[in-house]
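Asks: One structure, as structure tokens, below. Some questions next.
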Amino acid sequence: MILDALLVVSFVAMMVAALVYFRRDWLDPLTVVTVLNSTRFVLRPAALLFGFDVPQSAHLLRVDPVSLARETMLIFMLGYAAYVLGYVLGQGRFARALAARLPGYVARPVLGKRLAWVTLAGLLVSTTSTLYFISELGSVAEFMLQARIGLFAGYSFLSNLPELLAFLSALLLHFALRERRGIPFAAILLVASVAILFTMGERGGIAAAFLFFAVLQHFCVRRMGMRTVAAYGVALALLVAGLGITRDAFIRLRVDQVSVVEELGDEEKWSPVDVVLHLNSNATDYFMVIVQDFDVTNFHYGDDFYRGLVGIVPRSLWPDKPARITVGQWFTERYYPGKPSGRPITAVGAYYLNFGWVGVVVGMLLSGFFGRVLWNYLAGSGFHPWAVVFYLAALFKITSWGMLTTTMPTAVILTLVPLWIVHAFTTARPRATR
Numbered sequence: 034m035i036l037d038a039l040l041v042v043s044f045v046a047m048m049v050a051a052l053v054y055f056r057r058d059w060l061d062p063l064t065v066v067t068v069l070n071s072t073r074f075v076l077r078p079a080a081l082l083f084g085f086d087v088p089q090s091a092h093l094l095r096v097d098p099v100s101l102a103r104e105t106m107l108i109f110m111l112g113y114a115a116y117v118l119g120y121v122l123g124q125g126r127f128a129r130a131l132a133a134r135l136p137g138y139v140a141r142p143v144l145g146k147r148l149a150w151v152t153l154a155g156l157l158v159s160t161t162s163t164l165y166f167i168s169e170l171g172s173v174a175e176f177m178l179q180a181r182i183g184l185f186a187g188y189s190f191l192s193n194l195p196e197l198l199a200f201l202s203a204l205l206l207h208f209a210l211r212e213r214r215g216i217p218f219a220a221i222l223l224v225a226s227v228a229i230l231f232t233m234g235e236r237g238g239i240a241a242a243f244l245f246f247a248v249l250q251h252f253c254v255r256r257m258g259m260r261t262v263a264a265y266g267v268a269l270a271l272l273v274a275g276l277g278i279t280r281d282a283f284i285r286l287r288v289d290q291v292s293v294v295e296e297l298g299d300e301e302k303w304s305p306v307d308v309v310l311h312l313n314s315n316a317t318d319y320f321m322v323i324v325q326d327f328d329v330t331n332f333h334y335g336d337d338f339y340r341g342l343v344g345i346v347p348r349s350l351w352p353d354k355p356a357r358i359t360v361g362q363w364f365t366e367r368y369y370p371g372k373p374s375g376r377p378i379t380a381v382g383a384y385y386l387n388f389g390w391v392g393v394v395v396g397m398l399l400s401g402f403f404g405r406v407l408w409n410y411l412a413g414s415g416f417h418p419w420a421v422v423f424y425l426a427a428l429f430k431i432t433s434w435g436m437l438t439t440t441m442p443t444a445v446i447l448t449l450v451p452l453w454i455v456h457a458f459t460t461a462r463p464r465a466t467r
């Protein structure tokens, strides 16, 4: 017990020291990775170590859950140290030169009307497809369930479109507030985008939309202090937890709104342990199964990265493309056959599943370097709004909570490329100076 307490204290001290010495802003990649992953890296393992809860994957465990939680936490600790090292190495000239080549680095005048029309057109497409599927399936609850288990197979752009629209409408609202015109229109677009995300059960996208707007204000209007950032973070955490409870109620009960409200009013649903679980910290529980079952004799040795790479090829062009693309899908097929949707094991878990401890070190080292490149990009661009857009898209869509993933190539195609096209269409070339 004492050694476990020392392990937790040491990990927390490492995180605090990293923020004290290497943080550049309360919303830089190092801070984001540290804060967002604290639930998975520290809080959840600690809850299991000290007996506050049992793993959701307990029925899959053959050894002592406490020893597995301890080993898992040590792996997270090693990975976090590697991330910080990569972040420090990213301060060099090469990383800054690389950042300057990323899209949107140079500020360009924004064509507000074009941005509004593009966002509106995309919203009409997304709304039409959503209403069609709800009508075909018979209810929002059924649509919410099917959207999570393969309804958009072959039409990934439709599932990705609402979140992109939420980002664009947040950007539009930012410009509307700055210019003090078109505010109601931009606000309606943002609310509509968020509503579509909710019907799809995409609580992360909803939280990202509000975070997106707040970060735009932070970098482009007025920097928030630590207390404001902390308060905003707590509010977002409760929002994500509440959306998770609501989504689960819709999917599980398939009933009217009154029953969902009753679920939200259940005090047990809001216990600290349950709130942490609804922040996707159950990925730690699933990772513990990987730690138990895999070693050098059966690691995947890059197969998941290969599948993530070929995932960019449409199935219409490659009918025999591997059916399973993500690690979460593999985990569900192996351990929860017949159950809907994939189960996350964290990016660290994917590194470990493929290459063990070495994979964790290399994967997190590269993730830290990439995070610093992103910060060099944002700071070097002068924090203009479109640079913030690309920065956040890379931090929350291209990566998983700031860490490189096996499906990164697909995320680039579905997120970064559309944003680059919209950026090119809705901005003017800067005037040449003599």
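Residues in the sequence shown are numbered consecutively from 34, following our numbering. Using N, Cα and C, we set each Cβ at its ideal position, and we do this for glycine too. As the structure is a prediction and not an experimental result, all values here were calculated from the model.
CA-CA distance, Pro78 and Ile239?
Replies: 27 angstroms
Asks: Under the rule that 16 or more other beta-carbon atoms within 10 Å means buried, what is Tyr54, buried or exposed?
Replies: Classification of Tyr54: exposed, given that the 10 Å Cβ count is below 16.
Asks: Given this structure, state the Cα-to-Cα distance separating Val143 from Ala420, to the nearest angstrom.
Replies: The alpha-carbon atoms of Val143 and Ala420 are separated by roughly 12 angstroms.
Asks: Which residues in the same chain have their Cβ closer than 8 angstroms to the Cβ of Val45, if we skip the five residues on either side of it in sequence?
Replies: Excluding residues within five positions, the ones whose Cβ falls inside 8 angstroms are Val75.
Asks: Please name the residue or residues paired with Val68 in a DSSP beta bridge.
Replies: The partner list for Val68 (beta bridge, DSSP) is empty, contrary to what the question assumes.
Asks: State yes or no: is the C-beta of Val66 within less than 9 angstroms of the C-beta of Trp390?
Replies: no
Asks: Exposed or buried, Ala199, counting other C-beta atoms within 10 Å across all chains shown (16 or more means buried)?
Replies: buried
Asks: Hey, could you find the ends of the alpha helix (DSSP H) Thr317 is sitting in?
Replies: Asn315 to Asp326
Asks: Below 8 angstroms on the Cβ atoms is my guess for Val406 versus Ala115; work out the distance and round it to an integer in Å.
Replies: About 16 angstroms; that fails the 8 angstroms criterion.
Asks: If you count every other CB in all the chains shown that lies within 10 Å of the CB of Leu297, and 16 or more means buried, which is it?
Replies: Its pLDDT being 46, under 50, Leu297 is placed unreliably by the model, and the measurement read from it follows with that caveat. Exposed, since its Cβ has fewer than 16 Cβ neighbours within 10 Å.
Asks: In whole angstroms, what separates the C-alpha of Val99 from that of Leu82?
Replies: 5 angstroms
Asks: Assuming Ala132 contacts Tyr410 (C-beta within less than 8 angstroms), just tell me the rounded distance between them.
Replies: 4 angstroms
Asks: Please state whether the Cβ-Cβ distance between Met441 and Gly341 is less than 9 angstroms.
Replies: yes
Asks: Quick check on DSSP: helix, strand or coil for Thr432?
Replies: coil
Asks: Taking 7 angstroms as the limit between beta carbons, can you name the residues of its chain near Asn70, skipping five residues before and five after?
Replies: Once the five neighbours on either side are set aside, the close Cβ partners of Asn70 are Trp434.
Asks: Does the region 379-390 come close enough to the region 90-104 that 3 or more CB-CB pairs lie under 8 angstroms?
Replies: Touching, no, given that fewer than three Cβ pairs across the two stretches are closer than 8 angstroms.
Asks: Please classify Val143: does DSSP put it in a helix, a strand, or coil?
Replies: strand
Asks: Near His251, what residues of its chain come up, given a Cβ to Cβ distance below 7 angstroms and the 5 sequence neighbours on each side ignored?
Replies: Same-chain partners within the cutoff: Leu60 and Met257.
Asks: From the DSSP output, in three-state form, read off Thr30 for me.
Replies: Only positions 34 to 467 of the chain appear in this structure, which leaves residue 30 out of reach.
Asks: Quick one: Cα of Met259 to Cα of Ser202, how far?
Replies: 27 angstroms
Asks: Cα-Cα, which of Arg134, Phe243, Arg255 and Cys253 is closest to Tyr265?
Replies: Nearest C-alpha to Tyr265: Phe243.
Asks: Output the distance between the C-alpha atoms of Trp488 and Val227, rounded to the nearest integer angstrom.
Replies: Residue 488 is absent from the structure shown; the chain starts at 34 and stops at 467.
Asks: Taking C-alpha atoms, which residue in Phe176, Thr232, Tyr165 and Phe246 lies nearest to Leu205?
Replies: For Leu205, the nearest C-alpha among the options comes from Phe246.
Asks: In this structure, how does DSSP classify Thr359 when only helix, strand and coil are distinguished?
Replies: coil
Asks: Do you know how far the Cα of Leu40 is from the Cα of Ile323?
Replies: 21 angstroms
Asks: Tell me which residue opens and which closes the alpha helix (DSSP H) that Ser400 is part of.
Replies: Ala380 to Gly413
Asks: Which residue or residues does DSSP assign as beta-bridge partners of Thr330?
Replies: BP columns for Thr330 are empty, so no partner.
Asks: Taking C-alpha atoms, which residue in Val422, Pro352 and Val394 lies nearest to Ala196?
Replies: Note on residue identity: the sequence assigns Glu, not Ala, to residue 196. Comparing Cα positions, the closest option is Val422.
Asks: How big is the Cα-Cα spacing for Ile108 and Val393?
Replies: 8 angstroms
Asks: Determine the closest residue to His333 out of Asp318, Phe364, Pro347 and Pro352, with distance taken between C-alpha atoms.
Replies: Phe364
Asks: Counting along the chain, where does the alpha helix (DSSP H) carrying Phe55 start and finish?
Replies: Ile35 to Phe55
Asks: May I ask you to list the residues that DSSP assigns as paired with Thr460?
Replies: Val143
Asks: Please look up how many angstroms separate the CB atoms of Asp326 and Pro88, rounded, as I've assumed it's under 8 angstroms.
Replies: Between Pro88 and Asp326 the Cβ distance is about 14 angstroms, and since that is not below 8 angstroms, they are no contact.
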